[in-house]
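A.B. asks: Chains A and B, in that order, are what the protein sequence lines are. Counting in full-length UniProt numbering, the first sequence runs from 1 upward without gaps. Counting in full-length UniProt numbering, the second sequence runs from 1 upward without gaps. Idealized CB from N, CA, C, for every residue including glycine. Here you go, one structure.
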Amino acid sequence: MRPFDYYRSDDPADAVKAASEKGTLFIAGGTNLLDLMKLDLMTPNRLIDINRIGLDEITPSDDGGLSIGTLVTNSDCAADMRIRQDYAVLSRAILAGASGQLRNKATTGGNLCQRTRCYYFYDPDMACNKRKPGSGCSAIGGANRIHAILGASDECIATYPGDMAVAMAALDAEVVIEGQGGDTRTVPVRDFHRLPGDQPDRDNILESGDLITHVTLPAPAKGRHIYRKVRDRASYAFALVSIAAVVEMDAGKIASASLAFGGLAHKPWHDPAIDDLLTGEAPSEALFDKAADILLADAKGQGQNDFKIPLTRRTLKAVLREATGERS
Amino acid sequence: MKDTTLRINGEERKLSADTRTTLLDALRNHLGLTGSKKGCDHGQCGACTVMVNGRRINSCLTLACMHDGDEITTVEGLGEPGNLSPLQAAFVKHDGFQCGYCTPGQICSATAMLEEIKDNWPSNVSGSLTGEAKLTPEEISERMSGNLCRCAAYPNIVDAIREAAEASS
């Protein structure tokens, strides 16, 4: 690990001020950052420890939703009774990820910033445009079983690996960010992560020195909350495909639907055309296939991950059957 | 260098170390507590599991200087020869190990996991998010999935945890 200066802040405004210098990063749980620093894949000159700045509570918001402080751990978020009762898809998604030890450290803001698990990103001897812009992409034509089938570019086919953000995308949560100018801005989770394009080194829209302060959930969405994660082993593995779904039924028809997908792209994938297609319709296999057609219209396999295309279709249909069927 | 004070197993310990020192390296290399083990050093195996302020974490993925004033519990703080904790005794009785390298992490993890069950935290395999947390073999396996055992003593580990939990309830 490269040497760095360490500064512990006790206040959000102080933390933002301390982060004005180039090469500075915030550290919260540190479970991803320290992993990457040990491999010299991330090399900050200075770490601002934000674990004691507050922002570690979940509070009701004015519009009937909840505001989750950026330092609320994944464990506390998943176990919060309001989240369990009213935002079950979020509890389910968090509990589907990582291990008990990691969830105890990982934070809400930090988890949003989790970096890809692309094998080549992690191997400094291999070309990777995300790690070293302009060096090339070893995953294209290489080992790419876990890689993107949607929204990839000629420069990067990495995926965003997390689960929590996929549920937050389905819930249409928002990220509250305090910037270097002291301004606060709000960005939908659906727009927080980027597609790689020709700048794959940028995972999300954060600018240098930006501090995520909260994630806000809108008023609870009625209906069934489902998080289905398909992976290589039953626990403690990243998603090959995951689906967060909130679907409300009324008199045999789908009254509302909100779906988001993990493991498929450089960001949690949300396509409003799918939600629109389903809304107002009676559930049927033909309808579910049409939803999959929309989702996968531009899907492109990279060789080893071709299986993800039919797997995504089958998983989507299974989730929609569960969301719209009789309760067992 | 950074000065840090930790409360480890009830005792105040002072540390002066490079900021890069992980909590695991501080325990093992600076403070002589070698019970916590270094397996992967990347948070994948769980051999380094300790409790910080009552919660289990991977001590390899956190910096010692981030824990100034925190309460750390390592396997040395749970029991000792002649005075084993119920979980330690149950691991011996059920042969919950072979080489023993992952065992301190397994025991720290299980100790904290049983508290999570008492606090009624749900898991990925819980049928209901709001019902009572139950200690089935499936729940134990899921909740302990952050602790790998290369010798695959898993069935005996599950039996040991189950017995220790039943004895304490």
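Can you tell me whether DSSP reads His67(B) as helix, strand or coil?
C.D. replies: If DSSP states are grouped into helix, strand and coil, His67(B) belongs with the helices.
A.B. asks: By a C-beta neighbour count over all protein chains shown, 10 Å radius and 16 as the cutoff for buried, is Pro188(A) buried or exposed?
C.D. replies: Pro188(A) should be labelled exposed.
A.B. asks: Could you have a look at Ala260(A) and say whether DSSP puts it in helix, strand or coil?
C.D. replies: The answer is strand: DSSP assigns Ala260(A) an E or B state.
A.B. asks: At the 8 Å Cβ level, is Met113(B) part of the contact set with chain A, yes or no?
C.D. replies: Output row for Met113(B): interface = yes.
A.B. asks: Would you mind stating whether Leu66(A) and Arg82(A) have Cβ atoms separated by less than 8 Å?
C.D. replies: Yes, these two residues count as a Cβ contact at 8 Å.
A.B. asks: If we count Cβ pairs, one from each stretch, closer than 8 Å, do we get three or more for the segment 141 to 161 of chain A versus the segment 303 to 311 of chain A?
C.D. replies: Counting Cβ pairs under 8 Å, three or more are found: they touch.
A.B. asks: Compare the C-beta of Thr130(B) with all C-beta atoms of chain A and state if any pair is closer than 8 Å.
C.D. replies: Yes, contact with chain A.
A.B. asks: When DSSP labels each residue in this structure, what does Thr4(B) get in the three-state scheme?
C.D. replies: Residue state, collapsed to three classes: strand.
A.B. asks: What residues in its chain sit with their C-beta under 8 Å from that of Thr186(A), if we drop five residues either side in the sequence?
C.D. replies: These residues qualify, in order along the chain: Glu174, Val175, Val176, Ile177 and Thr216.
A.B. asks: Taking the alpha-carbon positions, what's the Ile50(A) to Ile27(A) distance?
C.D. replies: Answer to the nearest angstrom: the Cα atoms are 6 Å apart.
A.B. asks: Leu278(A) and Leu287(A) - do their beta-carbons sit closer together than 8 Å?
C.D. replies: Cβ atoms of Leu287(A) and Leu278(A): closer than 8 Å.
A.B. asks: Look up Thr62(B) in the DSSP assignment and say whether it is helix, strand or coil.
C.D. replies: Of the three classes helix, strand and coil, the one that applies to Thr62(B) here is coil, per DSSP.
A.B. asks: Between Pro283(A) and Ser145(B), what straight-line distance do the alpha-carbon atoms span, to the nearest angstrom?
C.D. replies: The alpha-carbon atoms of Pro283(A) and Ser145(B) are separated by roughly 37 Å.
A.B. asks: Which residues, in chain order, does the segment 42 to 70 of chain A contribute to contact with chain B at a C-beta distance below 7 Å?
C.D. replies: Cβ contacts with chain B come from Asp49 and Asn51.
A.B. asks: In the DSSP assignment, find the alpha helix (DSSP H) that holds Arg194(A) and state where it starts and stops.
C.D. replies: Arg194(A) -> no alpha helix (DSSP H), and no H or E assigned at all.
A.B. asks: Give the interface partners of Phe4(A) over in chain B, defined as CB-CB distance under 8 Å, in chain order.
C.D. replies: Chain B residues near Phe4(A): Thr19 and Arg20.
A.B. asks: How long is the line joining the alpha carbons of His214(A) and Leu25(A), rounded to whole angstroms?
C.D. replies: In a straight line, the C-alpha of His214(A) is about 18 Å away from that of Leu25(A).
A.B. asks: Between the beta-carbon of Phe121(A) and the beta-carbon of Cys113(A), is there less than 8 Å?
C.D. replies: Not closer than 8 Å, so no.
A.B. asks: Please name the residue in Asp276(A), Val89(A), Leu95(A) and Ser9(A) whose C-alpha comes closest to that of Gly54(A).
C.D. replies: Ranking the options by Cα distance to Gly54(A), first place goes to Ser9(A).
A.B. asks: Just to confirm before moving on: does the CB-CB distance between Pro44(A) and Gly30(A) stay below 8 Å?
C.D. replies: Cβ atoms of Pro44(A) and Gly30(A): not closer than 8 Å.
A.B. asks: Going by DSSP, which residues form a beta bridge with Asp5(A)?
C.D. replies: Paired residues: Arg46(A).
A.B. asks: Classify Ser36(B): buried if its beta carbon has 16 or more other beta carbons within 10 angstroms, exposed otherwise.
C.D. replies: With 16 or more other Cβ atoms within 10 Å, it is buried.
A.B. asks: Please name the residues in the segment 221 to 238 of chain A whose beta-carbon is closer than 7 Å to at least one beta-carbon of chain B, in chain order.
C.D. replies: Per Cβ criterion, the list reads Ser235 and Tyr236.
A.B. asks: What did DSSP end up calling His42(B) once you bin it into helix, strand or coil?
C.D. replies: Note: His42(B) maps to coil in three-state DSSP.
A.B. asks: So which residues on chain B does Arg84(A) lean against when the C-beta distance must stay under 7 Å?
C.D. replies: Per Cβ cutoff of 7 Å: Pro122, Leu129 and Thr130.
A.B. asks: Can you confirm whether Lys317(A), when its beta carbon is compared against all beta carbons of chain B, has any partner nearer than 8 Å?
C.D. replies: Cβ-Cβ to chain B under 8 Å: no for Lys317(A).
A.B. asks: Taking 7 Å as the cut-off, is the C-beta of Met51(B) nearer than that to any heavy atom in the ligand NAD?
C.D. replies: Inclusion of the ligand NAD in the displayed structure is not the case, the ligand content being empty and no account of it being possible.
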